[in-house]
Amino acid sequence: MNRKSFLDLTVFDNHSLKEIIKLSDKLSTTRFLLGDVLKQKVIALIFLKHSTRTRVSFEVAIRDLGGSTIFLGRDELQIGRGEPIKDTARVLSGYVHGIIARLYSHDSLIELANYSTIPIINALTDYNHPVQILADLLTVYQEFKTLNVKWAYVGDGNNIARSLVEAASIIGFELCIASPQGYELEKEFKEKYRNFDFIKFTNDPVLSVKGASVVYTDTWISMGQEAEKEKRISDFKRFIVNKELFSHAREDAIFLHCLPAYRGLEVSEDVLEGERSRVFKQAHNRLHSEKALLWSIYSGYLSDKILLK
Ligand code: CP
Ligand code: NVA
Numbered sequence: 418m419n420r421k422s423f424l425d426l427t428v429f430d431n432h433s434l435k436e437i438i439k440l441s442d443k444l445s446t447t448r449f450l451l452g453d454v455l456k457q458k459v460i461a462l463i464f465l466k467h468s469t470r471t472r473v474s475f476e477v478a479i480r481d482l483g484g485s486t487i488f489l490g491r492d493e494l495q496i497g498r499g500e501p502i503k504d505t506a507r508v509l510s511g512y513v514h515g516i517i518a519r520l521y522s523h524d525s526l527i528e529l530a531n532y533s534t535i536p537i538i539n540a541l542t543d544y545n546h547p548v549q550i551l552a553d554l555l556t557v558y559q560e561f562k563t564l565n566v567k568w569a570y571v572g573d574g575n576n577i578a579r580s581l582v583e584a585a586s587i588i589g590f591e592l593c594i595a596s597p598q599g600y601e602l603e604k605e606f607k608e609k610y611r612n613f614d615f616i617k618f619t620n621d622p623v624l625s626v627k628g629a630s631v632v633y634t635d636t637w638i639s640m641g642q643e644a645e646k647e648k649r650i651s652d653f654k655r656f657i658v659n660k661e662l663f664s665h666a667r668e669d670a671i672f673l674h675c676l677p678a679y680r681g682l683e684v685s686e687d688v689l690e691g692e693r694s695r696v697f698k699q700a701h702n703r704l705h706s707e708k709a710l711l712w713s714i715y716s717g718y719l720s721d722k723i724l725l726k
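Here it is as structure tokens:
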């Protein structure tokens, strides 16, 4: 695998992750701080699923850094007709300088990285969504000037939840994940974090939100789960983040959602649009944190040893 690929947050240690967040914060006020680190570089974006934020923020970030992009949707590559990922990886490695990939299975992403000689950046798989969490960390840092506050995640044990657990384990913040029975993160995953006593899992949304500074949720029906929609809506009913649930958080708590949000399902309209909601700031922060990530990969400013194992 290319050593500079970014498939999950665990490539960072505590120090380097905080450095990236601080750099992202600077970029949020000084857009062109980093110069042309991607000059004459072409980055391909392979998106087999829909996207608004990830696609657009990465395309803008790459252009701001002097590079150019080729967007490849699901109907544009021979992958759609059965060409193996490993062949695609080797072919594209001879044309472009990096691939940002939104795929279904995480194993496919690992295959892409294993067969590429260029950096591969995870733009979401069914397993995790690390670039989203970089923006979430930035949003919390901007709000509280620290990441070490209590985070509550209420909802599906999904890609967002896994990346939040990874972030908590690296930074050391308290995280309580509440999911309905049958929708918890899988046992083997939780087992890996057994020794992190500040990461907790529950089926009780109130327990999760109690005393939290950050209340985070995500859709109950992730991309690819559309067939389960009715069952999920019924199974998740108690897990809507509404005013009542939010009132258990601290008075200065903020509401986060990776978006797109489905009002009346995982979150009520008044919480999403309320004064404690930071969801649009969070979405805008995608641009700054992704730019910092790209810069760290392509500039060589942070050595592999510090930043990318
Ligand atoms: N949050 C997020 O990744 O949004 P998109 O699906 O629009 O990229
Ligand atoms: N869990 C959601 C995140 C969307 C950004 C999904 O995978 O569809």
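Everything in the sequence shown is counted per my numbering, starting at 418 for the first residue and increasing by one. The C-beta atom is built at its ideal place from N, Cα and C for all residues, glycine as well.
Within its own chain, the residues whose Cβ lies closer than 7 Å to the Cβ of A552, once the five positions on either side in sequence are excluded, are Q699, N702, R703, S706, listed in chain order.
In this structure, the CA atom of L444 is about 11 Å from the CA atom of G452. The shortest CA-to-CA distance from P622 to any of D669, I496, F429, E683 is the one to E683.
Residue range 568–571 is occupied by the beta strand (DSSP E) that includes A569, with no alpha helix (DSSP H) assigned at that position.
Assignment of G515 by DSSP, reduced to helix, strand and coil, places it in the strand class. The Cβ atoms of Y633 and D442 do not sit closer than 8 Å to each other. In the three-state DSSP reduction, V658 falls in the strand class (E or B). Only buried fits Q549, as 16 or more other CB atoms lie within 10 angstroms of its CB. Closest in C-alpha terms to L462, from the list D425, S639, I577, A478, comes A478. In this chain, the alpha helix (DSSP H) harbouring T556 covers 547–561.
Pairing C593 with L455, the inter-Cα distance amounts to about 39 Å. It is roughly 43 Å from the alpha-carbon of A644 to the alpha-carbon of S716. Taking the Cα of N659 as reference, the smallest distance to any Cα among R498, R472, E686 is reached at E686. In terms of CA proximity to I537, A506 leads the group G572, A506, G483. Look at the beta carbons and you see the region 491–505 touching the region 519–538: at least three pairs across the two are nearer than 8 Å. Separation of the CB atoms of H523 and I460 is rounded to 21 Å, and the pair is thereby denied contact status at 8 Å. Going by C-alpha positions, L489 is about 6 Å away from F464. Rounded to the nearest angstrom, the Cβ distance from L689 to H674 is 7 Å, consistent with a contact under 8 Å. Taking the C-beta atoms as reference points, K435 is found no nearer than 8 Å to M640. No heavy atom of the ligand CP is found nearer than 7 Å to the CB of Q642. Taken in chain order, the complete alpha helix (DSSP H) segments of 4 or more residues contained in the region 668–697 are 686–689. If you look at S485, you'll find it isn't in any alpha helix (DSSP H); it sits in the beta strand (DSSP E) that goes 485–490.
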